[in-house]
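Student: Numbering of the sequence shown is given in our numbering, commencing with residue 2 and proceeding in unit increments.
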Amino acid sequence: LRLKDGAHRCEGRVEVKHQGEWGTVYVQYWFLEDANALCRHLEYGLATDAPRGSYFGPRLGIIWYFYLSCNRTEPESTLSINNCVQPDFKNYTHILSHDQDIGVVCSGEMQIRTLTSLHTLLRVICASHWTLANANVVCHQLSCGVAISTPKGAEGNDQLWKAQYHCLGNESFLWEYAVTALGGPDCSHGNMASVIC
């Protein structure tokens, strides 16, 4: 599964690989809930749009058709595209045109986790010293455009890392700028750093 020809990695025309060949996708019904499941599957946050009709430009080649039906009663936090796709793929290249290809625009929202040097633990970053400049580096690193906001208050059970990052926002990778570990009380689980690209 991949997104192609979007402005950044978190949006594009939906393409799937079946029987060794990449193709665009046609589904009879394409709702925002379905796009949400796809974005979550790719770990690109939530869907903000579910366009179709060659929104991301024309493409030649195979058109894969399959039945897509996401369970609307399943909690959104656990919904994945794997729960929606029926395994019966059909090649509709000679029946349909690419003007019905589906696409998706994902928010790019993500929680920020980093591998700390202390016992090589994967910890979620605390939001108390998290800035838009720091978040911008993450978006650049993930090829998801630029950071537009840094919402706080995400919930989770991961161990949190309280630190201050010193960056300008134009670095290419998260590990290129200095980090100062901070002492003090543990960060609450309602204060995880995140970013919307």
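Cβ atoms here follow ideal geometry from the backbone N, Cα and C, with glycine treated the same way. Just so we're clear, the structure is a prediction, and the values are computed from it rather than from any experiment.
To which residues of the same chain is Ser118 closer than 8 Å at the C-beta, ignoring the five residues directly before and after it?
Tutor: Caution applies to Ser118, whose pLDDT of 44 falls short of 50 and renders its modelled position unreliable; the model cannot decide the point.
Student: Below 8 Å on the Cβ atoms is my guess for Arg10 versus Leu143; work out the distance and round it to an integer in Å.
Tutor: Confirmed, about 7 Å.
Student: Would DSSP call Ala48 helix, strand or coil?
Tutor: It is a strand residue.
Student: Classify Ser150 as buried or exposed, calling it buried when 16 or more other Cβ atoms lie within 10 Å of its own Cβ.
Tutor: Exposed, by the Cβ-count rule.
Student: Taking the CB atoms as reference points, tell me whether Ser16 and Val28 lie closer together than 8 Å.
Tutor: Note on residue identity: the sequence assigns Glu, not Ser, to residue 16. No, the pair does not count as a contact, with Cβ atoms beyond the cut-off.
Student: If distances are taken between C-alpha atoms only, which option among Glu44, Gly21, Ile63 and Tyr30 comes closest to Ala51?
Tutor: Looking at the Cα atoms, Tyr30 is the closest of the given residues.
Student: Mark Arg3 as exposed unless 16 or more other C-beta atoms lie within 10 angstroms of its C-beta, in which case mark it buried.
Tutor: Answer is exposed; the Cβ neighbour count stays below 16.
Student: Applying the 10 Å Cβ sphere with the 16-neighbour rule, what's the burial state of Ser98?
Tutor: When all chains shown are included, Ser98 counts as exposed.
Student: Could you tell me whether the Cβ atoms of Ala128 and Met193 are closer together than 8 Å?
Tutor: Yes.
Student: Pull the bridge partners of Gly24 from the DSSP assignment, please.
Tutor: The partner list for Gly24 (beta bridge, DSSP) reads Val17.
Student: Using DSSP with H/G/I as helix, E/B as strand and the rest coil, what is Ser55?
Tutor: Reduced to three states, the DSSP call for Ser55 is coil.
Student: How big is the Cα-Cα spacing for Phe90 and His141?
Tutor: Their backbone Cα atoms lie some 35 Å apart in a straight line.
Student: Can you tell me whether Ala48 sits near the ligand MG, meaning its C-beta is under 7 Å from at least one heavy atom of the ligand?
Tutor: Judged by which ligands are present, the structure shown has none, so any question about the ligand MG falls away.
Student: With distances taken from CA atoms, which of Gly54, Glu22 and Leu33 is nearest Asp100?
Tutor: That would be Gly54, whose Cα lies nearest to the Cα of Asp100.
Student: Between the alpha carbons of Tyr93 and Leu43, how many angstroms are there, rounded?
Tutor: The alpha-carbon atoms of Tyr93 and Leu43 are separated by roughly 25 Å.
Student: Within 10 angstroms of the Cβ of Glu22, are there 16 or more other Cβ atoms? Answer buried if so, exposed if not.
Tutor: Exposed, since its Cβ has fewer than 16 Cβ neighbours within 10 Å.
Student: Taking Gly58 as the reference, which of Phe32, Ala8 and Asp35 has the closest Cα?
Tutor: Cα-wise, what sits closest to Gly58 is Ala8.
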